[in-house]
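Novice:
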């Protein structure tokens, strides 16, 4: 019996980037829930669990600090993405990607953070 696909919460408001990441993750066998802001991501977490989150640090409805705290409290691995290196500086090395990044680099980070099935 095949295990269900890993579920990734993608929080990204730039549609071109979101579509690219969502397509690559889907092609790699992940189930993706795409949210364009903090509120939508909070609602997604209210309705189910995720195995990993990819979170843009600049979102239209405010800073994602409380969302980061919630994900941390739930022990959900997090990859923070941003075009601003200063915003990424507060995260652990290996849990960040500076925009622009290669999809292969993102997939490698996911593989490193998710335990084997």
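Numbering (full-length UniProt numbering), first residue to last: 1 to 117. We put the CB at the ideal spot given by N, CA and C, even for glycine.
Output needed for residue 71: all residues of its chain with C-beta closer than 6 Å, excluding positions within five of it in sequence on either side, in chain order.
Specialist: 53 and 78
Novice: Along the chain, where does the beta strand (DSSP E) containing residue 52 start, and where does it finish?
Specialist: 52-56
Novice: Is it true that the CB of residue 37 sits closer than 7 Å to the CB of residue 60?
Specialist: yes
Novice: What residues are listed by DSSP as bridge partners for residue 7?
Specialist: DSSP, once it has assigned bridges, lists 31 as partnering residue 7.
Novice: Note down, in chain order, each residue of its chain lying with its Cβ closer than 7 Å to the Cβ of residue 76, except the 5 sequence neighbours on either side.
Specialist: 50, 52 and 53
Novice: Determine, using beta-carbon pairs with one atom in the region 4-12 and one in the region 31-48, whether at least three such pairs fall under 8 Å.
Specialist: yes
Novice: Quick one: residues in its chain with C-beta nearer than 7 Å to the C-beta of residue 39, no 5 flanking neighbours on either side, listed in chain order?
Specialist: Within the same chain, 61 come within 7 Å of residue 39 by CB-CB distance, once the 5 residues on both sides are set aside.
Novice: What first and last residue would you give for the alpha helix (DSSP H) that runs through residue 45?
Specialist: 38-46
Novice: Between which two residues does the alpha helix (DSSP H) carrying residue 69 extend?
Specialist: Going by DSSP, residue 69 is part of the alpha helix (DSSP H) stretching over 65-73.
Novice: For residue 11, which option in 42, 89 and 101 has the closest C-alpha, if you only look at C-alpha atoms?
Specialist: 42
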